[in-house]
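What follows is the structure, given as structure tokens:
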């Protein structure tokens, strides 16, 4: 089955700096790559996703890049704010999405 | 709004007890999932289901079973709870595509 690895496990940045989280996957059949944000005590929620026919996707301060050849994808957050502090999870699955595997998570702390 | 409801937010059980965790979704989603969340280990897939009465093992199915008798309901069963099953359990559903999670069920096994 799919194996997703995520780095770093913790990340601390100053407010206004950029943050980058990287993930690799093992199964070449995976073609859907979502990112979830989990705030303390809350459920994970989708923040952005990318499909394998796209190399990059951007939504305001958040962007995701995908390199299918190298089997890695990354989350980029620019102009970080304290409310970006949370645990972020990457995931990978076939497009039908019924076999979703997650990375171990990255705890992002944005210092004011 | 998609709603995924887990019946119990907090449970405390004794070793050897049978435990049922219930999950109901109201969006007619085909796929349903059970994950276990532990610090440093992320979300690990226990079982998933892509149709009524269908189930597939995830990465850590040992000690668990599931039931999906109706499309909207997916139950996780611990036949004989053990202390190493103390964890947060998250249910999710999808169309497919985006996963919608429940609030989670924190299970403590003493």
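Chains as they are written, first to last, in my numbering: chain P, 1 to 112; chain S, 1 to 110.
The C-beta atom is built at its ideal place from N, Cα and C for all residues, glycine as well.
Across the structure, residue 11 of chain S and residue 78 of chain S are spaced so that their CA atoms are roughly 13 Å apart.
Excluding residues up to 5 positions away in sequence, 11, 19, 84, 85, 86 and 88 lie with their Cβ nearer than 7 Å to the Cβ of residue 108 of chain P in the same chain. At least one C-beta of chain P is nearer than 8 Å to the C-beta of residue 41 of chain S. By the Cβ neighbour-count rule, residue 100 of chain P is buried, with 16 or more other Cβ atoms within 10 Å of its own. When the five nearest sequence neighbours on each side are left out, the beta carbons in the same chain lying within less than 6 Å of the beta carbon of residue 22 of chain S are those of 7 and 75, in order along the chain.
By the 16-neighbour rule on beta-carbons within 10 angstroms, residue 41 of chain S is exposed.
Listed by position along chain S, the residues whose Cβ is nearer than 9 Å to that of residue 49 of chain P are 97 and 98.
No Cβ of chain S is located within less than 8 Å of the beta carbon of residue 11 of chain P. For residue 112 of chain P, the secondary structure class from DSSP, reduced to helix, strand or coil, is coil. Contact annotation: the region 25-39 of chain S touches the region 80-99 of chain S, with at least three C-beta pairs closer than 8 Å.
Per DSSP, reduced to three states, the secondary structure at residue 108 of chain S is strand. The three-state reading of DSSP puts residue 31 of chain P in coil, since its state is none of H, G, I, E or B.
Excluding residues up to 5 positions away in sequence, 34 lie with their Cβ nearer than 6 Å to the Cβ of residue 49 of chain P in the same chain.
Counting C-beta atoms within 10 angstroms of its own C-beta, residue 37 of chain P has 16 or more neighbours from the protein chains shown and is therefore classed as buried. Note on geometry: alpha-carbon atoms of residue 61 of chain S and residue 55 of chain S lie some 11 Å from one another.
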